[in-house]
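In the working numbering, the protein residues as written are 6 to 310.
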């Protein structure tokens, strides 16, 4: 109970210390918002939002939606608006930026502030706080000014921590895959050995040293395992013998034996097949007993005469 009381008192002290600062911040925000609301020109939303964390360091940019259209008619007015944006890091160092207007979403008051790190050879740091300041002189398309400075502060992603978490997850995943693959392979080998009637040999002394159990306990457990495997094999053999016996006991009525082939007419059929010869049978042109060689020699002798 004493610990709970001390804990409650500590929470109340912290709350009393933080409350004035929180109310002051809320009052400042409320005053700024009220001044801007009077002019009818405010920041509707931003991406990232104020106070956001884990913002990507790649192509760091801030997307802004204003309550009025932001497109400017002249280059001079656009350049003046561009100077109202300033991006700084936690040390106050200014980051070069480029400001873009949206013709497609001009009615939504869309603008984009992008860090210009490539042209200026600057690197956006991870796990670092950045602040985008929008000056009170920023003008909408109708000439209305923002009236008060606005700030959007956010923190970039901690790349080292993300890489470390990703590496740990990969290691855990690989270890899990190896474990389950090894386990599946071992089970498959055990099933194969059971089918062949083989049993895994266990060294009780080695197993006792690995597990910390007594040799007697390991031997008893191994004997139980072998007895279980033998019972499973015997059960499988009995099942196989039962199936073989069922196959041999085929009813005699299903086996028909005949003494020999019989014509179809014996079964009572009157169907007859009439064979029609399409071409007359040709007679042999060679005299009986005369070969082709003898015939050729006879023809040659006739031609000489």
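Where is the CB? At the ideal position from N, CA and C, for every residue including glycine.
CB of residue i within 9 angstroms of CB of residue j, strictly
i	j	result
residue 90	residue 60	no
residue 135	residue 186	no
residue 62	residue 129	yes
residue 152	residue 46	yes
residue 98	residue 140	no
residue 190	residue 56	no
residue 65	residue 106	no
residue 74	residue 103	no
Local conformation of residue i per DSSP, three classes
i	result
residue 120	strand
residue 151	coil
residue 170	helix
residue 82	helix
residue 96	coil
residue 176	helix
residue 73	coil
residue 52	strand
residue 4	Residue coverage of the chain in this structure runs from 6 to 310, which leaves residue 4 outside it and unanswerable.
residue 125	helix
residue 184	helix
residue 66	strand
residue 91	strand
residue 112	helix
Residue environment, residue i, which counts as buried when at least 16 other CB atoms sit within 10 Å
i	result
residue 3	Here the chain comprises residues numbered 6 to 310, so residue 3 is not present and cannot be evaluated.
residue 184	exposed
residue 126	exposed
residue 95	exposed
residue 208	exposed
residue 51	buried
residue 161	buried
residue 266	exposed
residue 53	buried
residue 252	exposed
Start and end residues, beta strand (DSSP E) containing residue i
i	result
residue 157	155 to 161
residue 134	134 to 139
residue 57	57 to 60
Endpoints, the alpha helix (DSSP H) within which residue i is located
i	result
residue 220	220 to 253
residue 213	209 to 216
Sequence-distant residues of the same chain with beta carbon closer than 6 angstroms to residue i, five excluded per side
i	result
residue 39	Interpretation of residue 39 is limited by its pLDDT of 42, a score under 50 that renders its predicted location unreliable; the figure taken from the coordinates is listed afterwards. So the list is empty, once near-sequence residues are dropped.
residue 227	207
Proximal residues to residue i (C-beta, below 8 angstroms), its chain only, five neighbours per side dropped
i	result
residue 150	44, 46, 141, 142, 143, 144
residue 223	207, 209, 212, 213, 216
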